[in-house]
Amino acid sequence: MPSRKKTVMFASAFFTCVCSFALICVVLATQRWMSSEVHFSDTNSNTTVSLTYGLFSGTCRRVAGGIQVEEMNFQVSKILKDAKTKSIITTIIVILVLGLLTSLLSSGFTCTNAVSNPYQTFLGPIGVYTWNALCGIFVLLAMILFPVNVEGSGLSLELANECGGSLQTHRKSEHTYGYSYWIMLLIILLNIASVIIIYFYEHARYSKKKEQQRPIENAPKDVILF
């Protein structure tokens, strides 16, 4: 059976891992990644397309001359035509699913260590470090790829064109990242917290082990021989 201190430390890490797992589910399920205002104009009028969307779906509202003329819901995968923007969205989804799996594995490892002392080295702290690190890396990649798709590949502009039909000349776009996006930052912090908790436990255990070895190291030779 593990010591009380180990149980408390690994149970705390288990809690942060479970929170990370739940938040990745929220990120995938909610569609508040981005809110964009895409402005078009021609010689006669100005048109603004307001978009709120996530990885799977979104809403589009078209305003021409200050009057709302159309509002619709859309599926991101169905209306995207450009292979580059579509492939990046797919990549983000796959990366987050991998993050979900690594977070689940990390939860399992911390729970196992909270109630037992695994014989295999990888099932111990090393495994917890590995799965938390991978989860954090996957989520960080998703945080990087999504702005690249919006700012670099013109994701919002393409969605606005597809939702609004044939529009005028594009003037400018304004983007606001929603809570579904920023939750990923919290997920990374939770993964870091899990690693820190286990590190402190390992450091304390190592220090205690060294303290127990000192009396033998400092003892006289005749006492050691005896």
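FYI, the numbering for the sequence shown is -29 to -1, 1 to 197, going by mature numbering (1 follows the signal peptide of the UniProt record, and there is no 0). Note that CB positions come from ideal geometry on N, CA and C, so glycine has one too. Everything numeric in this text was worked out from a predicted model, so none of it was measured.
N- and C-terminal bounds of the beta strand (DSSP E) containing residue i
{"i": "residue 255", "result": "What the structure shows of the chain is the stretch from -29 to 197, and residue 255 is not part of that stretch, so it cannot be assessed."}
{"i": "Gly29", "result": "Ser28 to Ala35"}
{"i": "Phe11", "result": "Met5 to Ser12"}
For residue i, the three-state DSSP class (helix, strand or coil)
{"i": "Ser144", "result": "strand"}
{"i": "Asn162", "result": "helix"}
{"i": "Asn88", "result": "coil"}
Start-to-end residues for the alpha helix (DSSP H) that takes in residue i
{"i": "Asn103", "result": "Pro96 to Pro118"}
{"i": "Val(-12)", "result": "Arg(-26) to Ala(-1)"}
{"i": "Val47", "result": "Val47 to Ile50"}
Burial state of residue i, where buried means 16 or more other Cβ atoms lie within 10 Å
{"i": "Cys134", "result": "buried"}
{"i": "Glu145", "result": "exposed"}
{"i": "Arg33", "result": "buried"}
{"i": "Trp153", "result": "exposed"}
{"i": "Ile169", "result": "buried"}
{"i": "Ser74", "result": "buried"}
{"i": "Gly25", "result": "buried"}
{"i": "Ser(-27)", "result": "exposed"}
{"i": "Val86", "result": "exposed"}
Separation of residue j from residue i, as counted between CA atoms
{"i": "Val40", "j": "Thr18", "result": "10 Å"}
{"i": "Gly79", "j": "Gly125", "result": "40 Å"}
{"i": "Val(-12)", "j": "Val68", "result": "15 Å"}
{"i": "Leu105", "j": "Ser12", "result": "46 Å"}
{"i": "Val99", "j": "Asn162", "result": "10 Å"}
{"i": "Val65", "j": "Leu72", "result": "11 Å"}
{"i": "Leu94", "j": "Asn84", "result": "8 Å"}
{"i": "Ile108", "j": "Glu8", "result": "31 Å"}
{"i": "Thr81", "j": "Ala113", "result": "25 Å"}
{"i": "Lys55", "j": "Val(-22)", "result": "47 Å"}
Nearest-angstrom Cβ-Cβ length linking residue i and residue j, presumed shorter than 8 Å
{"i": "Val47", "j": "Ala131", "result": "About 13 Å; that fails the 8 Å criterion."}
{"i": "Gly149", "j": "Met43", "result": "Wrong, their Cβ atoms sit about 19 Å apart, outside the cutoff."}
{"i": "Asn120", "j": "Ile59", "result": "4 Å"}
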